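In the working numbering, the protein residues as written are 169 to 246.
Notes for the one structure printed next.
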């Protein structure tokens with residue numbers, strides 16, 4: 169059952185997600201860098217849609233935010 173808010177056309181049960189290209193843009197890296205990180209087991213968590221290695225990849229906003237927080241460094245050693 170899809171529930172849509174009048175002001176938000178995205179179904180309420182689908183978390184916000186970005187394509188690889190949009191996620192790369194949001195992180196300030198190239199899509200190729202993001203793909204390299206995936207292959208190396210680095211970078212933010214992602215969702216692989218489908219069974220084929222060529223199936224689309226999506227990045228949940230929550231995962232991008234969590235990954236960015238994990239990369240946070242404090243100045244002055246604190």
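Where a beta carbon is used, it is the ideal one built from N, C-alpha and C, also for glycine.
These numbers come from a predicted model, not from an experiment.
**Asked** To the nearest angstrom, how far is it from the Cα of residue 194 to the Cα of residue 232?
**Response** 9 Å
- request: Pull up the DSSP beta-bridge partners for residue 186, would you.
  value: 227
* Thinking residue 226 and residue 187 are a contact (beta carbons under 8 Å), I'd like their distance in whole angstroms, please. => 7 Å
Could you check how far apart the C-beta atoms of residue 202 and residue 196 are, in whole angstroms? I think they sit under 8 Å.
-> About 11 Å separates the two Cβ atoms, so there is no contact after all.
Residues that residue 215 bridges to, as DSSP identifies them:
226
Excluding sequence positions up to five away, which residues of its chain have a Cβ less than 6 Å from the Cβ of residue 235? 212
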